[in-house]
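Q:
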Amino acid sequence: MASRMQDSDPLLTPAEVASMFRVDPKTVTRWAKAEKLTAIFTLGGHRRYRASEVRALLHGGNGGIPQQRTGE
Numbered sequence: 001m002a003s004r005m006q007d008s009d010p011l012l013t014p015a016e017v018a019s020m021f022r023v024d025p026k027t028v029t030r031w032a033k034a035e036k037l038t039a040i041f042t043l044g045g046h047r048r049y050r051a052s053e054v055r056a057l058l059h060g061g062n063g064g065i066p067q068q069r070t071g072e
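Going letter by letter, the sequence shown gives residues 1 to 72 in the UniProt record's numbering.
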């Protein structure tokens, strides 16, 4: 049976994405609901995010994801 997913692009949990952006995991969920980040749902209904997409957003292609503010 062929796999639908590519093994070369791992999936990240909301907590892992949140850690990379230094935001709360609920913020990552809001980004997904606002279609700023593509969510993939597991059979159990949990959200996962493609590592390649997250890395692209993290390194400048933010597609509307606000930058973290400092000094507030």
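The beta-carbon is built from N, C-alpha and C at its ideal position, and this holds for glycine as well.
1. Suppose you measure from the CA of R48 to the CA of H59; what does that come to, to the nearest Å?
2. Considering only residues of the UniProt domain "Helix-turn-helix" (11 to 58), which uninterrupted beta strand (DSSP E) runs meet the minimum length of 3 residues and lie entirely inside it, listed in chain order?
3. Taking a contact to mean a Cβ-Cβ separation below 7 Å, would you say M25 touches A18 in this structure?
4. Is it right to say L57 is buried, meaning 16 or more other beta carbons lie within 10 angstroms of its own, or is it exposed?
5. Looking only at its chain, what residues have a beta carbon closer than 6 Å to the beta carbon of V28, apart from the 5 residues adjacent to it on each side?
A: This is what the structure holds:
1. 19 Å
2. 47 to 50
3. For the record, residue 25 in the displayed sequence is Pro; it is not Met. Yes, they are a contact pair.
4. With 16 or more Cβ atoms within 10 Å of its Cβ, L57 is classed as buried.
5. P14, V17 and A18
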